[in-house]
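Residue numbers (the UniProt record's numbering), protein chains in the order written: chain A, 1 to 426; chain B, 1 to 426.
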């Protein structure tokens with residue numbers, strides 16, 4: 001099921017003014033790189049996993065601002081218990097996910113009582129310095145229970161990154177020796193909050209509405225985004241800009257990979273389903289937790305840092321099926337409810353949306369009309385992937401043909417690859 | 001292990017002014033009881049379990065103020081995710097435990113779309129009205145995970161009250177038809193926040209320091225409380241009053257029952273270990289969750305509502321052993337850390353304390369001196385109960401003789417009773 005259309009009821013009066021000045025920037029200036037790298041070489045080292053590098057990237061560009069590094073225990077506890085941090089001046093900022101760096105016993109021992117630690121990437125290169133470090137216990141069970149509201153086995157982020165991680169957390173202030181790049185042909189999409197704010201200014205946006213996604217864009221999404229723009233114009237904004245903001249970090253294995261999604265999104269703009277003049281497509285570098293109401297706050301907060309003042313939230317944001325029971329892990333309405341009450345996000349304009357579905361009479365995606373419910377077809381993400389995997393076509397008007405072709409090609413290739421290992425191991 | 005002695009570092013400058021005016025009072029005036037009871041009789045009914053009556057009691061006297069009844073979903077979600085509620089005027093109040101009323105499918109059906117519900121006690125008598133009710137899902141797993149930070153089997157409150165409870169929660173505003181009484185000979189100890197505030201005024205207290213406990217008072221506790229008073233006098237307060245505030249609601253089976261504890265506390269005052277002139281002993285009607293850092297906020301918040309402005313917090317408050325692993329469920333330091341950062345409790349003065357233990361040389365409870373650690377004996381609650389159960393005496397000076405006698409008598413009687421059923425069933 002998919003939901004669309006702006007409901008005016010939750011829109012609040014005040015805008016959050018984009019203010020580049022509040023963003024933490026912990027990337028070392030080029031002039032100091034040499035000396036800092038030399039300094040880092042003499043420090044005890046902690047090895048980063050791929051997921052840790054994604055978080056270094058996120059912190060380094062200010063998405064989690066005012067967080068200046070991996071959380072120390074005081075920040076971690078506030079995040080776990082209050083989904084927010086109280087700053088020294090008394091202001092409260094939203095911070096719903098623990099952004100932490102796990103280390104093992106051996107690394108803890110090698111750090112000893114050192115104040116500063118060099119962070120080494122998966123390929124062995126020095127990426128960053130962590131200053132004034134603090135080491136504290138990584139109680140995985142409690143972290144998982146409080147973040148996901150369940151400890152059932154099968155949570156993707158937990159299985160991949162928390163279960164195998166060390167029993168200690170290493171907090172401190174980050175100094176990143178050079179900007180994080182992936183060299184995957186998509187780095188030009190990875191605009192930092194500062195770059196995004198600059199681009200919004202250049203386009204003279206007077207409203208920025210952000211759309212977080214980790215799936216291909218179909219015409220229901222497009223209907224919603226275009227309708228949101230229409231509503232914002234009606235409200236008096238002259239130049240609302242859409243930030244189409246696919247998540248670029250870790251996603252679970254059966255989600256469509258980033259490169260395929262970016263190609264699909266390009267087609268959607270090429271085919272004119274979304275207007276390139278009023279749309280910015282960029283990649284949000286965060287990994288997915290699939291932690292529903294807890295995570296949707298992070299998704300919104302990070303976009304506020306990038307200058308968005310309207311956030312579109314749908315059914316069951318950042319949700320997934322319960323890993324061991326036949327039901328949604330989260331109540332599909334809790335995400336937008338929790339977001340609308342979240343500490344530190346009081347000024348964000350939240351745009352919940354009505355259900356959209358495939359109208360079998362009009363042969364297009366349309367807002368669901370309960371009076372003729374039998375004429376609507378709900379096409380879930382799973383159903384969409386099944387169509388593409390089986391080489392079947394979805395109903396006309398579900399997705400633009402160029403975008404659909406990208407998906408079909410991806411699943412053809414995937415099936416060919418899946419057939420390979422069997423041959424190789426025979 | 002037990003901790004004692006005020007550390008001055010966390011004490012904040014501003015006092016919370018006792019202000020009876022902010023307390024919610026949802027007890028129906030005597031003049032309206034007849035008509036309201038008549039009205040309630042025509043409403044659909046929900047049956048209360050014993051634990052629900054304890055919560056009705058708590059809400060009715062304003063311990064959870066500004067909460068006016070059992071939580072509706074918006075309050076429940078804020079409590080689970082943020083441990084606090086944002087009020088309409090923008091102020092944030094602490095609310096760390098979900099205070100909810102579970103109902104089963106049948107009760108939900110019988111309520112239908114009624115706005116008001118009559119609440120019926122375990123003995124079938126009409127106790128209260130719940131107004132403008134809202135029914136929402138009781139996701140037990142999520143509630144447990146977010147409240148306790150674990151879903152391991154064996155949490156006392158969960159096993160006793162959540163596991164067998166219904167799959168729906170019923171929220172609404174409470175009107176209590178008459179004050180809740182237990183007729184157990186201890187009702188005179190159950191002073192409401194209003195009564196306590198009046199008593200503090202009568203005694204012209206200029207500081208009130210609260211001590212939450214669910215165990216017998218030994219001389220280590222007394223040392224701590226007397227030392228706190230000394231420190232407050234040093235800080236310039238003229239008349240600091242101690243609120244010795246044992247918890248009177250549900251406690252787990254192996255805790256010492258309330259009536260025994262009250263008798264023991266009386267002896268401690270009779271024996272002069274605590275000064276009756278500057279001490280008020282009263283019962284806090286809340287049930288125990290054993291939810292550590294989440295619950296300690298509730299324990300402190302409720303005492304603020306009763307006029308306390310200093311709160312003493314020790315090692316692992318409201319904690320217990322992990323139900324399935326050989327470790328404390330919570331990090332023993334998290335309680336005071338979380339409390340010190342809790343939203344809505346910024347103005348509370350938190351008094352953490354140093355470790356106290358039995359000094360085998362001085363033959364009394366004293367602040368632990370690490371330089372002669374071998375001369376100290378740590379007597380845990382479990383060890384204390386083992387002494388009493390086995391009829392052994394703890395070291396001289398551990399507890400006043402009158403208080404100790406109460407415990408020994410209780411365990412003798414318990415063992416006699418435990419022997420009985422075997423005879424009866426033979």
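A virtual CB, placed ideally from N, CA and C, is assigned to each residue, including glycine. Please read all numbers here as calculations on a predicted model, not as lab measurements.
- Judged by DSSP in its simplified three-state form, residue 209 of chain A adopts strand.
- Secondary structure of residue 94 of chain A (DSSP, three-state): strand.
- Taking a Cβ-Cβ cut-off of 7 angstroms, the neighbours of residue 334 of chain B in chain A comprise 77, given in sequence order.
- Using beta-carbon distances, residue 86 of chain A counts as an interface residue toward chain B, with a partner under 8 angstroms.
- Between the alpha carbons of residue 257 of chain A and residue 163 of chain B lies a gap of roughly 41 angstroms.
- Looking only at B:388, B:407, B:373 and B:346, the smallest Cα-Cα distance to residue 88 of chain A is reached by B:346.
- By the rule that beta-carbons nearer than 8 angstroms mark a contact, residue 137 of chain A touches chain B.
- Taking a C-beta distance under 8 angstroms as the contact criterion, residue 331 of chain A and residue 137 of chain B qualify as a contact pair.
- Just so you know, the alpha carbons of residue 235 of chain B and residue 228 of chain B end up roughly 10 angstroms apart.
- The C-beta of residue 307 of chain A has 16 or more other C-beta atoms within 10 Å across all chains shown, which makes the residue buried.
- Contact note: residue 150 of chain B reaches chain A through 141, 142, 145 and 151, using a C-beta cutoff of 8 angstroms and chain order.
- Legend: CB atoms of the region 260–275 of chain A lying less than 8 angstroms from CB atoms of chain B are not found in any residue.
- The C-beta of residue 219 of chain A comes no closer than 8 angstroms to any C-beta of chain B.
- Close partners of residue 82 of chain A in chain B (Cβ separation under 9 angstroms): 81, 82, 83, 84, 338, 341, 342 and 343.
- By the Cβ rule, the region 183–197 of chain B does not count as touching the region 112–132 of chain B, because fewer than three pairs are nearer than 8 angstroms.
- For the region 281–305 of chain A, the residues whose beta carbon sits under 9 angstroms from a beta carbon of chain B are, in order, 293, 294 and 297.
- Cβ neighbours of residue 71 of chain A within its own chain (closer than 8 angstroms, five residues either side excluded): 79, 98, 99, 100, 169 and 171.
- One thing to note: residue 167 of chain A has its Cβ within 8 angstroms of the Cβ of residue 105 of chain A.
- In the DSSP assignment, residue 277 of chain A falls outside any beta strand (DSSP E) and carries neither an H nor an E.
- Against chain B, the CB of residue 89 of chain A has no partner CB under 8 angstroms away; the residue lies outside that interface.
- Around the beta carbon of residue 276 of chain A, a 10 Å sphere encloses fewer than 16 other beta carbons of the protein chains shown; the residue is thus reported as exposed.
- Within the DSSP bridge table, the entry for residue 377 of chain A names A:358 as partners.
- Closer than 8 angstroms to the CB of residue 328 of chain A there is not a single CB belonging to chain B.
- Annotation for residue 365 of chain A: no alpha helix (DSSP H) segment contains it, though the beta strand (DSSP E) segment containing it runs 364–367.
- Annotation: the region 163–226 of chain A contains the following complete segments of the alpha helix (DSSP H) (minimum length 4 residues), in chain order: 193–202.
- Exclusion of the five residues before and after residue 375 of chain B leaves 359, 360 and 361 as the residues of its chain whose Cβ lies within less than 7 angstroms of its Cβ.
- Around the beta carbon of residue 294 of chain A, 16 or more other beta carbons lie within 10 angstroms, which makes this residue buried.
- Contact of residue 167 of chain A with chain B is not assigned, every C-beta pair being separated by 8 angstroms or more.
- For residue 143 of chain A, the secondary structure class from DSSP, reduced to helix, strand or coil, is helix.
- Its Cα nearest to that of residue 48 of chain A, the residue A:120 stands out among A:120, A:25, A:82 and A:107.
- At a beta-carbon threshold of 8 angstroms, the residues of chain A lying near residue 331 of chain B are 137 and 139, ordered along the chain.
- Here residue 344 of chain B has 84, 92, 93 and 94 as same chain residues with Cβ atoms under 6 angstroms from its own Cβ, once five neighbours each way along the sequence are excluded.
- Excluding the 5 residues flanking it on each side, residue 274 of chain B has same chain C-beta neighbours closer than 8 angstroms at 217, 222, 225, 226, 242, 244 and 268, in chain order.
- In this structure the region 408–419 of chain B lies against the region 387–395 of chain B, because at least three pairs of beta carbons, one per stretch, are closer than 8 angstroms.
- When the alpha-carbon of residue 107 of chain B is set against those of B:132, B:154 and B:165, the nearest one is in B:165.
- A:279 is the residue among A:143, A:279, A:132 and A:134 whose C-alpha sits nearest the C-alpha of residue 196 of chain A.
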